[in-house]
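Novice: Following this message is one structure expressed as structure tokens.
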Amino acid sequence: MKNRKVMKKWSILILSMTLFGHTASATPQVVDKIVAIINNGIVLESDVSGLLHSVKINLSQNKSRLYDDKILRYQILEHLIMNKIQLQIAQKMGIDITDSDIKQTIINITQQNNMSVHQMSSRLAARGISYKKYSDQIREEMLISTVRNKEVSRRFIILPQEVEDLAKQISAENKDNIELNLSQIILPATSPTYSSLNNPYQDAVCLVSKLRKGEEFGKMVLKYSAESYNTKIGQIGWIKIQRLPLVLANALRTAEKNDIIGPIRLGVSLYIFKINDIRSKPKDVYITEVNARHILLCPSPVMTNDQARLRLEKLAQQIKNKTITFDKAAKEISEDSFSAFKGGNLGWVIPTSYNPVFRDALIKLKKGEISVPIYTAFSGWHLIQVLDTRTVKRTEDAEKDQAYRILFNRKFNQEEQSWLQENRASSYVKIMDNYNILN
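Mature numbering (1 follows the signal peptide of the UniProt record, and there is no 0) puts the sequence shown at residues -26 to -1, 1 to 413.
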């Protein structure tokens, strides 16, 4: 039940812009042509121009025009190239996202935004986007997320001793309760924007020097950072030092407000940070834990998505009618071997430990209430019941859980960048001359 689904900020931004921002209806019409060839696939001019238009509008709503058109266009093209490569990997692996998966994901999106599917369809239509086009975009994002999760997760392990050591560090640092508000610039070692000296580290040192002399940090994010398309303009926000990889944490430990720190090499990237602010939190930290149970049914060749959902709907009604107990039903049919023998009981857990869809459904339930069938892409259909909630001081188990999630995110993010660059390097990619910003 750990949340191992990682979705890049690009994906979140694009889906958000599609549904709630300015999109295709305002996009200039262009004569289509091929701008890049990726193995046996292509990227078209219309793909780049459409996304560029939306990103520029969303960036302008958050900041003044700080970006460089040529660099931003190239970064968008690189994003589309990486998407194409990952979709090709998903095809080779035989990964499939069913229509039912997409339908349920769209339902989850609409519920999280307090609207119906009909309202969402109307909003899309008003922006000149068909429901099918939106569904296809959801399918691609789910394929990319799935293949990335599967491939990156197998590249690292988390040892019990690592969890123990970090949990002790968290416990010790919780006594200090110092948090930093950070902004960052991430510079890939192969960044096309650093070409003058053919030495990315020396170029990064020059950039740090400019920032310390007063160059606007947000402007440099949009010009150079690998994540410059993010409408937060490089802002990480408030974070505890121990959540960062050790090499970054050590460099930031003695930093002061407004300091520029870096460049720091981590994996295949160079990092530059700005300390926006520093604060202390109350020493007594409380958390809310939920004691819940669930029944899991996994779609299979002998049971479709719809059949699993309908079976759980019928079971929920039987539980409410008291013709069967939740405990008995979980022991008889739940496919979660870890919890089934305990009547589906998951024990006391922090809700954020769960998959986001499962978590969101869980926190909406009242004590004793049974959910409608909830679908999560990496497990199946769940029937959830909340047994009780409690607010407690941070416990040792909670700190271990937090340590595990921090370690997972650290290792995943680091290996993800390496995996992406390896696949980029091993793919045949030809970018048409007019898109090469080095010319």
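The beta-carbon is built from N, C-alpha and C at its ideal position, and this holds for glycine as well. Given the structure is predicted, the values throughout are model-derived calculations rather than measurements.
Just verifying my parser: in three-state terms, what is the DSSP assignment at PRO162?
Specialist: The answer is strand: DSSP assigns PRO162 an E or B state.
Novice: Alpha carbon to alpha carbon, what distance is there between ILE249 and ILE213?
Specialist: Distance between the alpha carbons of ILE213 and ILE249 is about 11 Å.
Novice: From the DSSP output, which residues share a beta bridge with LEU339?
Specialist: DSSP output for LEU339 lists no bridge partner at all.
Novice: For the segment 369 to 384 against the segment 301 to 311, are there 3 or more C-beta pairs whose distance is under 8 Å?
Specialist: The segment 369 to 384, when compared against the segment 301 to 311, does not touch it at the 8 Å Cβ threshold.
Novice: Confirm, please, whether the CB-CB distance from ILE261 to GLN216 is below 7 Å.
Specialist: No, Cβ-Cβ distance for GLN216 and ILE261 is not below 7 Å.
Novice: Closer than 6 Å by C-beta to HIS356: which residues in its own chain qualify, once you throw out the five before and the five after it? Chain order, please.
Specialist: So the qualifying residues of the chain are HIS268, LEU270, ILE348.
Novice: Can the beta-carbon of ILE246 be found less than 7 Å from the beta-carbon of GLY236?
Specialist: Contact flag set, yes.
Novice: Kindly list the residues whose CB is nearer than 8 Å to the CB of PRO219, restricted to its own chain and excluding five residues on each side of it in sequence; keep chain order.
Specialist: So the qualifying residues of the chain are LEU240, ARG384, GLN388.
Novice: With H, G and I counted as helix, E and B as strand and the rest as coil, what does DSSP make of ASN315?
Specialist: Reading off the sequence shown, one finds Phe at residue 315, where the question assumed Asn. Here PHE315 sits in coil by DSSP.
Novice: Distance, Cα to Cα, LEU394 vs MET56?
Specialist: So the two alpha carbons sit approximately 8 Å from each other.
Novice: Check the DSSP bridge columns for HIS27 and list the partner residues they point to.
Specialist: Answer is none; HIS27 lacks a bridge partner.
Novice: Opposite LEU270 in the DSSP bridges: which residues?
Specialist: In the DSSP output, where bridge partners are listed per residue, LEU270 has HIS356.
Novice: Work out the CA separation of LEU161 and SER191 for me, nearest whole Å.
Specialist: It should be noted that the sequence gives Phe, not Ser, for residue 191. Computed Cα separation, rounded: 14 Å.
Novice: What is the rounded straight-line gap between the Cα of THR350 and the Cα of CYS272?
Specialist: Roughly 10 Å between the two C-alpha positions.
Novice: Consult DSSP for GLY192 and reduce its assignment to one of helix, strand or coil.
Specialist: In the structure shown, GLY192 sits in a helix (DSSP, three-state: H, G or I).
Novice: For ALA200, verify whether its CB is less than 6 Å away from any heavy atom of the ligand NAD.
Specialist: Inclusion of the ligand NAD in the displayed structure is not the case, the ligand content being empty and no account of it being possible.
Novice: If we count Cβ pairs, one from each stretch, closer than 8 Å, do we get three or more for the segment 63 to 70 versus the segment 119 to 134?
Specialist: Yes, the segment 63 to 70 touches the segment 119 to 134.
Novice: Do you know how far the Cα of VAL360 is from the Cα of THR326?
Specialist: Looking at the two C-alpha atoms, the distance is approximately 15 Å.
Novice: Give me the Cα-Cα distance between residue 415 and SER157, rounded to the nearest whole angstrom.
Specialist: Because the chain spans -26 through 413 in this model, residue 415 falls outside it and cannot be assessed.
Novice: Between the C-alpha atoms of VAL346 and MET406, what's the straight-line distance to the nearest angstrom?
Specialist: For VAL346 and MET406, the distance between alpha carbons rounds to 51 Å.
Novice: Threshold first: 4 residues or longer. Then list the alpha helix (DSSP H) segments lying entirely within the segment 43 to 122, N to C.
Specialist: Entirely contained in the segment 43 to 122, the alpha helix (DSSP H) runs reaching 4 residues are, in chain order, 43 to 67, 73 to 86, 91 to 100.
Novice: Tell me where the beta strand (DSSP E) around LEU244 begins and ends.
Specialist: Here the beta strand (DSSP E) through LEU244 covers 243 to 254.
Novice: If you drop the 5 nearest sequence neighbours on each side, which residues of the same chain put their C-beta closer than 7 Å to that of VAL323?
Specialist: Same-chain partners within the cutoff: GLU263, VAL264.
Novice: Given a threshold of 16 other Cβ atoms within 10 Å of its Cβ, counted over all protein chains shown, does PRO2 qualify as buried or as exposed?
Specialist: Confidence at PRO2 is low in this model, with a pLDDT of 49, below 50, so its placement is unreliable and the value that follows should be read with caution. Exposed: under 16 other Cβ atoms inside 10 Å.
Novice: Would you report the Cα separation of SER165 and GLU230, rounded to the nearest angstrom?
Specialist: Note on SER165: pLDDT 47, under 50, position unreliable in the model; the coordinate value appears next. So the two alpha carbons sit approximately 29 Å from each other.
Novice: With DSSP as the reference, please indicate the residues paired to TYR175 in a beta bridge.
Specialist: None; TYR175 has no bridge partner.
Novice: Reducing DSSP to helix, strand and coil, say where ILE144 ends up.
Specialist: Here ILE144 sits in helix by DSSP.
Novice: Between the C-alpha atoms of residue 415 and ASN232, what's the straight-line distance to the nearest angstrom?
Specialist: In the structure as shown, the chain starts at -26 and stops at 413, and residue 415 therefore has no counterpart that could be examined.
Novice: Decide yes or no for the touch test of the segment 175 to 184 against the segment 222 to 229: beta carbon pairs closer than 8 Å, at least 3 of them.
Specialist: Counting Cβ pairs under 8 Å, fewer than three are found: no touch.
Novice: Applying the 10 Å Cβ sphere with the 16-neighbour rule, what's the burial state of ASN329?
Specialist: ASN329 comes out buried.
Novice: Grab me the residues of GLU373's own chain with a C-beta within less than 7 Å of its C-beta, minus the 5 sequence neighbours each way, in chain order.
Specialist: Same-chain partners within the cutoff: ALA141, ILE144, SER145.
Novice: In angstroms with no decimal places, state the Cα-to-Cα distance between LEU381 and ASP371.
Specialist: Looking at the two C-alpha atoms, the distance is approximately 15 Å.
Novice: Closer than 6 Å by C-beta to PHE332: which residues in its own chain qualify, once you throw out the five before and the five after it? Chain order, please.
Specialist: Within the same chain, PHE332 has close Cβ partners THR350.
Novice: Opposite LYS214 in the DSSP bridges: which residues?
Specialist: BP columns for LYS214 point to GLU153.
Novice: Quick one: is residue 418 buried, meaning 16 or more other Cβ sit within 10 Å of its Cβ, or exposed?
Specialist: No answer is possible for residue 418: it lies beyond the span of the chain, which begins at -26 and ends at 413.
Novice: Alpha carbon to alpha carbon, how far is LYS288 from TYR108?
Specialist: Near 31 Å, if we compare the C-alpha coordinates of TYR108 and LYS288.
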